[in-house]
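Anchor point for the sequence shown: position 287 equals 306 in my numbering, and the numbering is continuous, going up by one each time.
Accompanying notes for the structure given below.
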Amino acid sequence: MEVRGGGHNAAARSTAAAVAALLVLFMAYQECNRSGLATGSKRISRRTDVGGAGVPPLLPPPLPPEVAGAFVAATATADFRHDLVKAMRGWRRGIRTLVLTNATGELLAREQQEGLRYNEVWQHYQDFSNISTGKPGDVRAAVTPAYVRSTLGTNFKWLIYGDDDVVFFWPGLLRMLRGLDHRDPYFLTDNYFSQYPDGLLHQRKPAQPRCVPCTLDATGLDLGAANAVKTCNCSVAAMAEALSKPLAAMRRFPNQPPIFSINGGGGAVISAGLLQRLQRRRFEACVSGRGQPLRCAGSDCLLTICLWRQGFGYTDPGFELRHQGMLLFDAYERALWQAERDMLSLLANRGGCDRACQLRVRHAVSLHTNGKARQHAVLGSRARLAAFLHSAARAAKGVAPPDLLAWA
20 MEVRGGGHNA
30 AARSTAAAVA
40 ALLVLFMAYQ
50 ECNRSGLATG
60 SKRISRRTDV
70 GGAGVPPLLP
80 PPLPPEVAGA
90 FVAATATADF
100 RHDLVKAMRG
110 WRRGIRTLVL
120 TNATGELLAR
130 EQQEGLRYNE
140 VWQHYQDFSN
150 ISTGKPGDVR
160 AAVTPAYVRS
170 TLGTNFKWLI
180 YGDDDVVFFW
190 PGLLRMLRGL
200 DHRDPYFLTD
210 NYFSQYPDGL
220 LHQRKPAQPR
230 CVPCTLDATG
240 LDLGAANAVK
250 TCNCSVAAMA
260 EALSKPLAAM
270 RRFPNQPPIF
280 SINGGGGAVI
290 SAGLLQRLQR
300 RRFEACVSGR
310 GQPLRCAGSD
320 CLLTICLWRQ
330 GFGYTDPGFE
340 LRHQGMLLFD
350 AYERALWQAE
360 RDMLSLLANR
370 GGCDRACQLR
380 VRHAVSLHTN
390 GKARQHAVLG
400 SRARLAAFLH
410 SAARAAKGVA
420 PPDLLAWA
């Protein structure tokens with residue numbers, strides 16, 4: 020896939036589309052805070068209607084066919100978080116979506132029937148009470164990508180995967196993927212928890228061992244100093260060969276990767292090429308703890324380690340190498356106040372949005388809304404959270420400028 024286009028007009032359109040998509044999120048959040056919406060009110064029930072009884076939702080227009088056909092989405096949830104999944108329909112815009120849930124019986128049947136209207140496949144996947152992480156839904160969350168091909172088919176290029184409260188932004192997403200070949204085994208994210216160099220939990224480091232795409236423009240970058248392997252096939256073997264010296268001190272390498280896990284709150288993009296190579300039964304056995312035990316604190320770790328044990332490494336898009344401290348996935352790291360400030364400054368056009376601000380707004384791929392925390396916040400509950408998320412999603416009318424839709 021290669022995306023062409025250019026000039027200042029294209030850049031301006033790109034930024035405007037990204038701003039529009041992001042800004043409404045926080046404006047809607049402010050609106051919900053000001054209005055003091057409460058669970059069970061008539062106003063809430065109408066505003067959060069995302070396909071059930073009541074007034075049909077006003078979702079943004081569908082994606083262009085060439086984009087919609089190239090992507091699928093997948094997430095795991097639980098019966099008490101279904102509102103979150105439905106609230107995210109605005110950004111998904113009808114792309115084929117797999118939802119794994121612990122729901123059964125009438126509740127599952129209702130969600131399956133409703134999901135047909137939104138190109139969603141809802142499936143039951145049991146809780147595991149004896150999982151080492153101590154959280155019964157972790158196996159379900161980790162195995163979700165492995166069920167995509169059997170439920171949604173194989174005619175797609177990219178899987179968008181993340182927690183059920185993660186919003187993805189099409190302009191930044193398409194921009195990140197330009198030039199990448201979906202047939203290569205990509206596990207893309209730049210938001211992860213490091214255990215380099217001594218096996219202890221660390222924040223990301225400038226010299227964090229990682230793969231970067233083979234298409235990355237490395238002009239002016241010292242990939243050697245950054246311990247970055249430029250490859251289209253990020254495998255355990257490739258990382259071990261290229262990074263033998265910096266990783267020599269890690270006693271558990273190559274049995275364990277240089278990261279503890281990705282951050283599901285930022286999500287990941289997984290290529291069709293990786294999923295085609297993935298051995299699902301072996302992967303599921305690894306995630307559920309059958310075989311060699313795993314030391315994991317959550318589903319993100321289970322996913323990362325079990326992909327690693329099948330030979331798949333992780334690819335950092337490389338944005339942070341050129342723009343230190345800036346991420347694409349969960350670009351604001353849940354600092355909603357900063358995102359709001361950036362976008363209001365940019366729209367005001369008074370010079371308040373500096374270069375760093377413009378980069379963040381233009382390139383953001385995802386944002387973690389922290390639904391778990393908001394779910395139990397003052398007044399409210401899932402209904403209030405869903406109102407905030409769904410209002411934002413359906414208000415965002417732009418997708419990506421034409422130059423980003425020129426798919427090869």
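Glycine included, each C-beta is placed from N, C-alpha and C at the ideal position.
Quick caveat, the model's predicted, so the values are computed rather than measured.
Proximity winner among the options, relative to residue i (alpha-carbon distances)
i	options	result
Val255	Gly283, Arg360 and Pro273	Pro273
His201	Val185, Val380, Asp146 and Lys176	Lys176
Gln357	Arg136, Gly330 and Gln377	Gln377
Asp335	Pro232, Glu85, Ser169 and Thr123	Pro232
Gly88	Arg111, Ala268 and Ala106	Arg111
Gly153	Ala95, Ala226, Tyr137 and Ser307	Ser307
Ala237	Ala268, Gln131, Leu297 and Leu340	Leu340
His428	Glu139, Pro204, Pro84 and Val91	The chain is shown from 20 up to 427; residue 428 falls before or after that span and cannot be answered.
Arg301	Gly286, Arg108 and Leu321	Leu321
Asn121	Met195, Ala95, Asp373 and Pro81	Ala95
Asp217	Gln275, Val167 and Leu192	Gln275
Gly109	Pro81, Ala354 and Leu240	Pro81
Ser280	His221, Gly134, Ser148 and Ala383	His221
Val104	Cys305, Asp182 and Ser148	Asp182
Arg379	Trp141, Pro277 and Met195	Met195
Leu199	Ala245, Lys249, Asp241 and Pro277	Lys249
Met258	Val186, Ile278, Ala160 and Gln132	Ile278
Ser213	Ser148, Met269, His143 and Ala383	Met269
Val167	Ala354, Ser263, Arg299 and Gln329	Arg299
Euclidean distance between Cα positions of residue i and residue j
i	j	result
Arg271	Lys224	19 Å
Gln295	Gly172	11 Å
Gly156	Leu178	21 Å
Gly243	Gly284	29 Å
Tyr180	Pro190	17 Å
Arg197	Arg381	15 Å
Trp327	Tyr351	27 Å
Asn174	Asp349	28 Å
Ala267	Ile324	19 Å
Val86	Leu207	18 Å
Arg115	Thr170	10 Å
Tyr137	Ala106	12 Å
Gly124	Ala92	24 Å
Ser290	His387	21 Å
Phe331	Gly292	11 Å
Ala226	Leu347	18 Å
Cys372	Ser364	5 Å
Pro84	Gly113	11 Å
Leu193	Ala287	13 Å
Arg309	Val158	12 Å
Trp141	Glu130	7 Å
Asn186	His342	According to the sequence provided, residue 186 is Val. The question's Asn does not apply to it. Going by the C-alpha atoms only, they are around 22 Å apart.
Cys305	Asn246	28 Å
Glu260	Leu240	21 Å
Leu135	Ala375	41 Å
Leu262	Ser148	38 Å
Ala128	Asp361	43 Å
Residues that DSSP places opposite residue i in a beta bridge
i	result
Ile150	In the DSSP output, where bridge partners are listed per residue, Ile150 has none listed.
Lys249	Val231
Leu242	Per DSSP, none; premise fails for Leu242.
Glu139	Thr116
Trp327	Paired residues: none, contrary to the question.
Leu262	Answer is none; Leu262 lacks a bridge partner.
His342	For His342, which the question treats as bridged, DSSP gives no partner whatsoever.
Phe187	Ser385
Val91	Arg115 and Leu178
Leu207	Val288 and Thr334
Beta-carbon proximity of residue i to residue j, cut-off 8 Å
i	j	result
Tyr333	Cys230	yes
Asn282	Tyr215	no
Phe188	Ser318	no
Cys253	Ser151	no
Glu303	Val162	yes
Leu235	Gly344	no
Asp146	Leu126	no
Asp209	Asn389	no
Pro265	Pro228	yes
Distance cut-off 7 Å: residue i Cβ against heavy atoms of the ligand COA
i	result
Cys253	As presented, the structure is devoid of all ligands, the ligand COA included, so that no description of it is given.
Presumed contact (8 Å Cβ cut-off) between residue i and residue j, rounded CB distance
i	j	result
Ala165	Leu297	6 Å
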